[in-house]
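Student: My structure is below; once you've seen it, I'll send some questions.
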Amino acid sequence: MEPFKTFTGLVAPLDKVNVDTDQIIPKQFLKRIERTGFGEFLFYDWRYRDGKLNPEFVLNQERYQGATILLTGDNFGCGSSREHAPWALKDYGFKVIIAPSFADIFFNNCLKNGMLPIVLPGDLVKELFVKVFENEGYSLTVNLESQTLKDPDGWTIGFIVDPFAKKCLLEGLDDISLTLKLEDKIKAYEERA
């Protein structure tokens with residue numbers, strides 16, 4: 370997993386609540402076991418209309434092309450626990466999702482897959498939606514080390530992240546990498562047994 374450090378990214382607004390994992394990646398696209406290749410199907414039922422790009426959907430609009438930060442509403446990632454949902458978001462290019470709340474399993478799946486879900490109070494999320502809609506090219510700098518978000522005008526806010534999840538993201542460690550860091554101790558234990 371690639372280490373998560375500081376980056377600046379374009380923000381795309383998905384002003385919806387209760388976005389479930391079937392909306393993020395519909396079930397008919399869950400036929401592969403690799404973590405890649407799901408991005409083209411992200412939000413499929415909203416992005417496409419009769420097999421063509423829906424120009425009204427936010428991610429299809431020119432001003433949000435290349436966005437790496439998704440701003441959205443309450444209870445993002447609810448529904449089934451499919452890990453394909455964060456895979457699809459990451460494969461599309463998102464590195465950070467900002468919302469007032471997330472479904473627990475989805476939240477943890479994001480962290481385990483190298484994406485940072487950030488919970489902010491609802492009034493701050495609304496403030497960010499206004500900034501994104503009013504300022505084309507609106508971007509945020511995400512600094513995981515200092516746990517801050519900052520915009521080009523100097524607006525800055527802190528966020529909370531679990532210390533263990535932060536360490537794993539900063540060092541680019543997934544569950545397998547964590548286990549492999551203890552390989553010498555595991556071998557030593559096995560030799561004693």
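Quick note on this note's numbering: the sequence shown kicks off at 370 and runs consecutively. All residues carry an ideal CB built from backbone N, CA and C; glycine is no exception.
Can you tell me which of the three DSSP states residue 507 falls into?
Tutor: Three-state result, residue 507: coil.
Student: Write down the C-beta distance between residue 469 and residue 489 rounded to the nearest angstrom, noting that I regard them as a contact closer than 8 Å.
Tutor: The beta-carbon separation of residue 469 and residue 489, rounded to 7 Å, stays under the 8 Å limit for a contact.
Student: Give the DSSP-derived three-state secondary structure of residue 472 in the structure shown.
Tutor: Reduced to three states, the DSSP call for residue 472 is coil.
Student: Note the first and the last residue of the continuous beta strand (DSSP E) segment covering residue 394.
Tutor: Per DSSP, residue 394 belongs to no beta strand (DSSP E) and is neither H nor E.
Student: Have a look at 458, 452, 493 and flag the residue whose alpha-carbon is nearest the alpha-carbon of residue 474.
Tutor: 452
Student: Is it buried or exposed for residue 393, if we count other Cβ within 10 angstroms and need 16 for buried?
Tutor: buried
Student: Comparing alpha-carbon positions, which option in 479, 531, 561 lies nearest residue 514?
Tutor: 531
Student: I'd like to confirm the pairing. Which residues does DSSP put opposite residue 455 in its beta bridges?
Tutor: For residue 455, which the question treats as bridged, DSSP gives no partner whatsoever.
Student: Return the chain-ordered list of same chain residues with a C-beta closer than 8 Å to the C-beta of residue 534, the five sequence neighbours on each side being excluded.
Tutor: 480
Student: If you measure between the beta carbons of residue 437 and residue 493, is that distance less than 8 Å?
Tutor: no
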